[in-house]
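Enquirer: Sequential numbering from 72 applies to the sequence shown in my numbering. From the three backbone atoms N, C-alpha and C, an ideal C-beta is built for every residue, glycine too.
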Amino acid sequence: MESLLGPDHNHPEAVHRLTPVLRIETLVDGVFAIAMTILVLDLVVPQVADPAELVPRLVGMWPRFAIYAVSFVLLGAYWIAHHSQYRFIERADRIMLLLNIVFLMLVALLPFAASLMGEYPDRQVSAVFYGVLVGLIGVVGGLHWWYVTRDRRFIVPDVDLEFVTIVRRRIALTPVLALLAIGLSFVSTYASLAVYILLPSSYLLPNRLDRYFDQAPDGWPSFTANVL
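1. For V111 and W150, I'd like the C-alpha separation in whole angstroms.
2. Can L204 and L180 be called in contact, C-beta distance under 8 Å?
3. Which residue wins for smallest C-alpha separation from I109, given the options L232, A184 and V247?
4. Where does S256 land, buried or exposed, given buried means 16+ other C-beta within 10 angstroms?
5. What did DSSP end up calling A163 once you bin it into helix, strand or coil?
6. Using a Cβ distance threshold of 8 Å, determine whether the segment 193-201 contacts the segment 245-256, with at least three qualifying pairs required.
7. DSSP on I95, reduced to helix/strand/coil?
8. Taking Cβ positions only, does F257 come closer than 8 Å to chain B?
9. Using three-state DSSP, classify I226 as helix, strand or coil.
10. Report yes or no: do three or more beta-carbon pairs, one from the segment 153-167 and one from the segment 117-126, lie closer than 8 Å?
11. Would you call H154 buried or exposed, if buried means 16 or more other Cβ atoms sit within 10 Å of its Cβ?
12. Given that a residue counts as buried once 16 or more other Cβ atoms are within 10 Å of its Cβ, and exposed if not, what is G101?
13. Check each candidate in A262, Y267 and L93 and name the one with the smallest Cα separation from D193.
14. Just how far apart, CA to CA, sit S259 and E96?
15. Once DSSP output is grouped into helix, strand and coil, what is the label at R241?
16. Please tell me whether L177 and I138 are closer than 8 Å, where the distance is taken between their beta carbons.
17. Tell me the rounded alpha-carbon separation between V298 and V173.
18. Go through the segment 124-183 residue by residue and report every complete run of the beta strand (DSSP E) that reaches 3 residues or more, in order.
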């Protein structure tokens, strides 16, 4: 007997239909976990002959600590956004798989961009590279949400249109702020880095989207997922 959430997910046939969307989420979790962990590898303990030099050396590493913190929180915000989307996605096709692969490819590159920014914090090229990458992640994330919601074929049928619109606007903010950061890099690379602090706030701080997530039972609608 089927529940309101779809077929019994303990049934082998239902599990087979579940697998693709669940595997997308599993792959996403793995890539994000690895990328967020790799970020810390750029923080190398300074080697000093005189212990008195340790504090100045650590202070001198502040750009690396700053880019580490910004990048880690930024990846956390991206993960929250992706996880939140998949609470309302019940179907997947090959185009969605491709969009997720491209999205994760860009996410996996962020530790390199952060390392480049940490090594050359005063070089505009490093700030531009970081900004372009962050912007592309936002663009692909936006394409993914647009694709799954354009005809409501991949999302649960009773999702509020206002929710879909708010998420679209919020995702569009990422490339806009990335362009702003790139523009500021012509003035100061450090000013451009400060812009990225604004991005995670829209995902991490309480906001009006929370009421939509509160209305959805835990795990819904993952157990209705299947592939076209």
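Expert: Let me lay it out:
1. The straight-line gap separating the alpha-carbon atoms of V111 and W150 is approximately 18 Å.
2. Taking 8 Å as the Cβ cut-off, L204 and L180 qualify as a contacting pair.
3. Ranking L232, A184 and V247 by CA distance to the CA of I109 puts A184 first.
4. Per the 10 Å Cβ criterion, buried.
5. Residue state, collapsed to three classes: strand.
6. Yes: the two stretches touch, three or more of their Cβ pairs being nearer than 8 Å.
7. Looking at I95 - three-state DSSP - the assignment turns out to be helix.
8. In the displayed structure, chain B is absent; only one protein chain is listed.
9. Secondary structure at I226: strand, using DSSP grouped into helix, strand and coil.
10. Segments in contact, no.
11. Exposed, by the Cβ-count rule.
12. By the Cβ-count criterion, G101 is exposed, with fewer than 16 other Cβ atoms from all chains shown falling within 10 Å of its own Cβ.
13. D193 has its Cα closest to that of A262, out of A262, Y267 and L93.
14. Cα to Cα, the separation comes out at about 38 Å.
15. Looking at R241 - three-state DSSP - the assignment turns out to be helix.
16. Cβ distance not < 8 Å, so L177 and I138 don't count as in contact.
17. Bear in mind that a pLDDT of 36 at V298, under 50, signals an unreliable position, so the number given afterwards is only what the model happens to contain. For V298 and V173, the distance between alpha carbons rounds to 19 Å.
18. Counting only unbroken stretches of 3 or more residues, no beta strand (DSSP E) element lies wholly within the segment 124-183.
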